[in-house]
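Before any comments, here is the structure.
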Amino acid sequence: MIIVQLTITSKAEEKLIELNNKQFNYLQLWYDIEDCGCGVNGVPTIRLTNKKETYDKNVAGASFPTIVSEQQAVFFAENMKLDYINHSFRLSSTSEMLNPFIPERSLLNY
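Numbering follows this note's numbering, in which position 48 of the sequence shown is assigned residue number 48; successive positions increment by one, without gaps.
This is the structure:
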């Protein structure tokens, strides 16, 4: 099992709290493959959820309770940062930009 760590900047955490409004228990790292062709072509993203399945693992270091599916963890970097810039979230690692534009509405509408 890959250990995934996430640092959430203060701006991103403030926006998560504002959007969440105490409705959801978890931030979920999600590898979205919808309309991407096959299971290995996808986009790393995030969403808010109340569901934690048996195969979901806790993400280390995150200031907001964060989970990732054990099967999807391979699509994420081991050390990542979630930031909030120009009205969107940005997921990056030390070596690459995983998703530079995650709209606020996508956290709630999936």
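Glycine included, each C-beta is placed from N, C-alpha and C at the ideal position.
Give the DSSP-derived three-state secondary structure of residue 57 in the structure shown. strand
Just curious, the alpha helix (DSSP H) that residue 10 is in, first and last residue? 10-20
Could you tell me which of 25, 20, 17 and 15 sits nearest to residue 67, measuring between CA atoms? 25
Nearest residue (CA-CA) to residue 105, options 82, 46 and 79: Nearest of 82, 46 and 79 to residue 105, Cα basis: 46.
Use the C-beta contact count for residue 97: other C-beta atoms within 10 angstroms, 16 or more gives buried, fewer gives exposed. exposed
Ordered along the chain, which non-local residues of its own chain (more than five positions away) have a Cβ less than 6 Å from that of residue 101? 88
Reducing DSSP to helix, strand and coil, say where residue 76 ends up. coil
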